[in-house]
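Read the structure below first, then the notes.
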Amino acid sequence: MPYYRVVGEIPRKRHVQFRRPDGGLYAEELMGEEGFSSDSSLLYHRYAPTAIIKSEGVDDAAGAADLAPNHPLAPRGYRTQDLPVGGDLVLGRQILFGNEDVRVSFVAGAGTSELYRNSTGDEVVYIQTGAARFESTYGALDAREGDYVVVPTGTIHRWVPDESAGTLRALVIEARGHVRPPKRYLSQYGQFLEHAPYSERDLRAPTAPMIADGGEVPVIVRNRGGLSRLTYLHHPFDVVGWDGFLYPYAFNIADFEPIVKRTHAPPPVHQTFEGPNFVICSFCPRPLDFHEEAVPIPYNHHNVDSDEMMFYVGGDYTARKGSGIGIGSISLHPSGFTHGPQPGAVEAVLEAVKAGHREATEVAVMIDTFRPLALGPAARRCEDPEYAWTWARSAG
Numbered sequence: 001m002p003y004y005r006v007v008g009e010i011p012r013k014r015h016v017q018f019r020r021p022d023g024g025l026y027a028e029e030l031m032g033e034e035g036f037s038s039d040s041s042l043l044y045h046r047y048a049p050t051a052i053i054k055s056e057g058v059d060d061a062a063g064a065a066d067l068a069p070n071h072p073l074a075p076r077g078y079r080t081q082d083l084p085v086g087g088d089l090v091l092g093r094q095i096l097f098g099n100e101d102v103r104v105s106f107v108a109g110a111g112t113s114e115l116y117r118n119s120t121g122d123e124v125v126y127i128q129t130g131a132a133r134f135e136s137t138y139g140a141l142d143a144r145e146g147d148y149v150v151v152p153t154g155t156i157h158r159w160v161p162d163e164s165a166g167t168l169r170a171l172v173i174e175a176r177g178h179v180r181p182p183k184r185y186l187s188q189y190g191q192f193l194e195h196a197p198y199s200e201r202d203l204r205a206p207t208a209p210m211i212a213d214g215g216e217v218p219v220i221v222r223n224r225g226g227l228s229r230l231t232y233l234h235h236p237f238d239v240v241g242w243d244g245f246l247y248p249y250a251f252n253i254a255d256f257e258p259i260v261k262r263t264h265a266p267p268p269v270h271q272t273f274e275g276p277n278f279v280i281c282s283f284c285p286r287p288l289d290f291h292e293e294a295v296p297i298p299y300n301h302h303n304v305d306s307d308e309m310m311f312y313v314g315g316d317y318t319a320r321k322g323s324g325i326g327i328g329s330i331s332l333h334p335s336g337f338t339h340g341p342q343p344g345a346v347e348a349v350l351e352a353v354k355a356g357h358r359e360a361t362e363v364a365v366m367i368d369t370f371r372p373l374a375l376g377p378a379a380r381r382c383e384d385p386e387y388a389w390t391w392a393r394s395a396g
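Under UniProt numbering, the first residue of the sequence shown is numbered 1, with each subsequent residue one higher.
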């Protein structure tokens with residue numbers, strides 16, 4: 001993360017003696033990226049974070065999901081609202097898409113997850129509906145509708161849904177690497193610049209340690225070989241303090257400040273995060289393009305280097321009205337295909353502007369990948385087979 005935080009108790013200097021009330025030493029744990037050459041945090045445990053007493057393999061049905069190429073090539077539409085409800089935010093993931101860089105899943109469930117550590121890359125969890133408490137070695141975060149929760153590689157955590165908030169529905173983005181704010185939003189020293197569409201004040205991170213009493217506890221660990229269940233001698237939520245630049249945090253999509261032009265702006269103005277060979281963008285309510293002759297709707301475009309996946313979570317997406325897209329829908333527009341507004345949408349929005357409607361209301365999460373996205377079992381289960389042909393309806 002681009003700025004330094006201190007939570008709980010820490011000694012005045014790093015790597016010096018830091019003693020418990022009983023006189024024993026707290027155990028240091030450095031969580032660091034890129035081999036001690038990038039962001040890190042230093043955590044102080046009551047017990048040794050290295051003490052494991054058992055390791056078992058875990059059936060990894062999700063990790064071994066059958067990913068099929070998008071062949072024959074077609075734009076595709078999906079209805080996540082048709083996917084079954086059940087499971088939790090870790091083992092209940094239903095695989096939609098994936099490639100060598102990123103995997104995208106959907107979860108609809110209310111169960112409390114087991115303790116979990118993903119050691120293959122960072123995760124970004126977008127909460128579509130419901131709420132949950134994110135508990136980790138760094139402390140806890142309350143996640144609500146519209147939140148992106150960014151979980152650094154190797155963070156031991158669990159998800160505890162708030163049952164009073166209704167069904168928890170979430171999009172889970174698993175990177176093979178690290179997810180960060182776009183470099184163009186940051187100074188050379190890591191501060192958000194004035195032109196960035198969000199700032200440090202919009203980010204929420206743990207503010208207090210989280211201590212869980214208890215002895216032996218299992219933790220599910222994902223690495224490149226699959227899933228294992230390691231049993232720790234002591235509960236890993238025993239950190240009395242930490243400091244550094246690396247930690248989980250939440251950012252709500254409603255705090256994204258849209259960048260607008262007099263004529264239609266391309267998707268990079270909506271970029272929120274960047275990962276290895278992919279980006280995440282937030283489409284939020286904003287003024288329509290305000291040039292007197294503007295066409296305030298996306299033009300037909302062909303992303304020759306990327307696949308575009310759009311998850312529609314709120315408002316009214318005028319450009320694809322009549323295509324079957326609704327709240328909870330996902331569109332996948334691959335490279336090799338030109339996509340754009342629904343036939344008649346341009347004329348309709350121009351008439352709406354004349355009538356005084358001058359704001360775009362859609363809320364959507366977009367993922368652009370620079371390698372093709374393969375299709376997972378959940379995508380095949382909830383596909384709208386007619387979506388690809390919707391541009392041909394009433395087309396001139």
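Think of the CB as a built atom: it goes at the ideal place given N, C-alpha and C, for glycine as much as any other residue. Since the structure is predicted, the reported quantities are computational estimates derived from the model, not experimental observations.
Contact between Val313 and Val363 is confirmed by a C-beta separation of about 5 Å, below the 8 Å threshold. Taking the Cα of Val90 as reference, the smallest distance to any Cα among Tyr198, Met31, Phe192, Ile220 is reached at Ile220. Among the bridge pairs identified by DSSP, Lys183 is matched with none.
If you draw a straight line from the Cα of Ser105 to the Cα of Pro21, it comes to about 45 Å.
DSSP places Lys261 outside any alpha helix (DSSP H), giving it a letter other than H or E. Around the beta carbon of Arg184, fewer than 16 other beta carbons sit within 10 angstroms, so the residue counts as exposed.
The C-alpha of His15 is placed about 28 Å away from the C-alpha of Leu115. Rounded to whole angstroms, Ile297 and Trp391 show a C-alpha spacing of 15 Å.
For Ile211, the closest of His157, Thr167, His71, Phe311 by C-alpha to C-alpha distance is His157. For the region 271 to 335, the full-length beta strand (DSSP E) segments reaching 3 residues or more read 271 to 275, 278 to 283, 307 to 314, 329 to 333 along the chain. Taking 9 Å as the cut-off, the Cβ atoms of Lys321 and Ala345 count as close. For Val90, the secondary structure class from DSSP, reduced to helix, strand or coil, is coil. For the 9 Å CB-CB criterion, Pro248 and Tyr138 form a contact.
Our two residues, Thr369 and Thr338, have alpha carbons roughly 16 Å apart in a direct line. A straight line joining the alpha-carbon of Glu257 with that of Ala196 spans about 8 Å.
Listed as beta-bridge partners of Gly244 by DSSP are Arg5, Ser41. Per DSSP, Pro377 is one residue of the alpha helix (DSSP H) stretching across 377 to 381. Closest by C-alpha distance to Gly98, out of Thr231, Ile367, Phe283, is Ile367. For Val304, the closest alpha carbon among the candidates Leu246, Pro161, Leu73, Pro334 is that of Pro334. In this structure Tyr78 touches Ile330 by the C-beta definition: roughly 4 Å separates them, less than 8 Å. The way I'd put it, the region 30 to 49 doesn't touch the region 199 to 206; fewer than three beta-carbon pairs between them come closer than 8 Å. Distance between Gly324 and Glu386, taken at the CA atoms: about 9 Å. By the beta-carbon neighbour count (other beta carbons within 10 angstroms, threshold 16), Ile53 is exposed. Residue state for Ile10 is assigned as coil, using DSSP reduced to three classes. Annotated as proximal: Ala378 and Leu83, with beta-carbon spacing under 9 Å.
Scanning its chain for C-beta atoms nearer than 8 Å, with the 5 sequence neighbours on each side dropped, one finds around Glu200 the residues Pro2, Tyr3, Gln191, Phe192, in chain order. Arg144 has its alpha-carbon roughly 30 Å from the corresponding atom of Ser38.
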